[in-house]
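Numbering (my numbering), first residue to last: 172 to 640.
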């Protein structure tokens with residue numbers, strides 16, 4: 172540091188000075204370093220904080236610093252008990268390396284574990300090589316479906332990849348944000364991105380993204396968190412609007428209707444009487460299609476609803492984003508049928524759009540036999556609309572099916588039952604994070620007992636060969 176003014180514009184990532192000393196106190200540490208282009212450096216060896224002057228020696232050394240840590244907690248065995256398994260701890264290390272690699276394309280990385288190279292990334296000094304590195308770390312699916320973002324203002328510049336809405340995830344485990352090269356988690360930017368994706372994500376899904384935000388260092392405080400995982404912006408509202416605005420521009424194509432559809436629906440060209448007639452006809456057909464064709468099953472009811480016309484059907488959505496329902500068969504519908512009573516709906520009456528009470532099962536029967544009430548309709552092939560004594564219930568078919576399978580697995584596990592296994596004709600490859608992949612490896616025996624045969628497949632993916640029948 173050459174000027175006190177630099178304190179107000181910190182651009183280095185910094186390092187918690189006490190951390191290195193703390194690590195040295197519980198390990199065998201070797202630190203070697205040299206000045207720029209001197210070719211000569213010094214090395215110090217420390218064994219649990221103990222070292223003497225003779226432990227410092229000169230040696231030939233290239234530019235830079237190297238830290239070697241061995242026998243962690245060798246002198247504090249009680250602390251070693253708090254460590255997780257080797258696979259879990261290495262997964263944490265691998266995740267840290269991946270995060271650093273995503274923010275420093277000008278540096279090559281090589282990660283070796285027990286003599287095996289687990290990750291090797293060459294310097295990425297071009298746009299193509301950067302995309303290849305991101306593909307290696309976050310997976311091919313992310314880089315192939317995401318969209319590039321690159322915009323700037325007077326004080327800020329943002330670039331990176333925004334994930335396609337169809338690739339949204341159930342948890343926020345594929346969200347990487349770097350501010351001035353520093354990996355952070357910031358509520359302001361997270362909220363801005365949620366606002367940008369508003370209206371194009373289903374339920375509580377989380378978007379996937381890899382973004383780099385450059386901010387004037389004088390408008391950023393990096394010393395607000397012990398681990399430097401949070402920052403404070405001088406103008407939070409400005410940053411929020413900047414990120415939301417430019418992210419929204421990239422995502423706008425998923426919400427804009429095709430030109431031919433827009434012109435077809437222009438108010439001046441709509442025949443109101445014909446529109447009303449068509450609407451009533453559609454609703455009537457929808458209601459009639461809900462009338463059961465057999466004594467069971469919700470699967471018949473839902474299949475009928477799915478095939479019926481709808482004002483908000485998929486054909487009226489922008490071509491850029493067609494949501495594909497994962498529920499193409501009757502497996503999910505059959506699984507949740509015992510929890511829902513199919514409704515028997517008479518023809519739709521525009522003046523009195525109510526259910527025919529004579530066709531409805533008693534509320535007492537529905538509550539006793541069907542906890543979720545009476546199924547009324549299906550929405551977008553994803554949700555079931557039901558009613559019970561408490562009111563309207565919306566059931567996520569996917570979530571309900573997952574919960575039913577989970578409860579079945581728990582019962583089998585508690586009763587030590589042998590779960591039937593079905594081998595997959597074509598093994599399924601699933602992309603995971605480095606930490607998740609290591610965790611799956613660690614739990615292979617447990618998963619096998621539950622009927623899941625899973626093996627590691629590459630750096631950040633697993634292959635599923637068999638599933639519970």
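Think of the CB as a built atom: it goes at the ideal place given N, C-alpha and C, for glycine as much as any other residue. Keep in mind that this is a model prediction, so the values were computed, not measured.
Secondary structure note for residue 309: its alpha helix (DSSP H) is the uninterrupted segment 298-309. One thing to note: residue 627 has its Cβ no nearer than 9 angstroms to the Cβ of residue 638. For residue 228, the uninterrupted beta strand (DSSP E) segment begins and ends at 227-231. The residues 214, in chain order, have a CB closer than 6 angstroms to that of residue 228 in the same chain once the five nearest residues on each side in sequence are set aside. The C-beta separation of residue 197 from residue 244 comes to about 5 angstroms, placing the pair in contact by the 8 angstroms criterion.
Counting only the Cα atoms, residue 609 lies some 34 angstroms from residue 422. When the beta-carbon positions are compared, residue 192 and residue 219 stay at least 9 angstroms from each other. In summary, residue 379 is buried, with 16 or more beta-carbon neighbours lying within 10 Å of its beta-carbon over all protein chains present. If you compare the alpha carbons of 322, 341 and 394 with that of residue 414, the shortest gap goes to 322.
Taking a C-beta distance under 9 angstroms as the contact criterion, residue 410 and residue 372 do not qualify as a contact pair. Relative to the Cα of residue 591, the nearest Cα in the group 366, 620 and 601 belongs to 620. A straight-line Cα-Cα distance of about 16 angstroms links residue 247 and residue 255. Cβ contact annotation for residue 345 (same chain, cutoff 6 angstroms, sequence separation greater than five): 379, in chain order. In the pairwise beta carbon analysis, the stretch 350-359 is classified as touching the stretch 267-276: at least three pairs are separated by under 8 angstroms. For residue 265, the uninterrupted alpha helix (DSSP H) run begins and ends at 257-274, by DSSP. Taking a C-beta distance under 9 angstroms as the contact criterion, residue 310 and residue 632 qualify as a contact pair. The beta carbon of residue 217 is closer than 8 angstroms to those of 195, 199, 200, 201, 202 and 226 in its chain, skipping five residues each way along the sequence.
For residue 584, the uninterrupted alpha helix (DSSP H) segment begins and ends at 568-585. The beta carbon of residue 238 sits closer than 6 angstroms to those of 202, all from its chain and outside the five residues before and after it, given in chain order. Pairing residue 418 with residue 407, the inter-Cα distance amounts to about 16 angstroms. Residue 405 places its beta carbon less than 9 angstroms from that of residue 389.
Within 10 angstroms of the beta-carbon of residue 377 lie 16 or more other beta-carbons, which makes it buried.
Going by beta carbons, residue 563 and residue 557 fall inside the 9 angstroms limit.
Excluding the 5 residues flanking it on each side, residue 612 has same chain C-beta neighbours closer than 7 angstroms at 258 and 627, in chain order. In the displayed model, residue 316 falls within a helix according to three-state DSSP. Here the C-alpha atom of residue 623 lies approximately 55 angstroms from the C-alpha atom of residue 211.
The C-beta distance from residue 265 to residue 230 rounds to 30 angstroms, too long to fall under 8 angstroms, and the pair is not in contact.
The continuous stretches of alpha helix (DSSP H) do not include residue 387, and DSSP gives it neither H nor E. In the structure shown, residue 404 adopts extended strand secondary structure according to DSSP, grouped into three states. Straight-line measurement puts the Cα of residue 181 at about 35 angstroms from the Cα of residue 630. In the displayed model, residue 417 falls within a helix according to three-state DSSP. Contact annotation: residue 381 and residue 268 have beta-carbon atoms that are not nearer than 9 angstroms. Across the set 292, 270 and 288, the C-alpha of 292 shows the shortest separation from the C-alpha of residue 280. In the three-state reduction of the DSSP assignment, residue 424 falls in the helix class, which pools H, G and I. Linking residue 205 to residue 232 through their CA atoms gives a straight-line distance of about 6 angstroms. Exclusion of the five residues before and after residue 392 leaves 402 and 403 as the residues of its chain whose Cβ lies within less than 7 angstroms of its Cβ.
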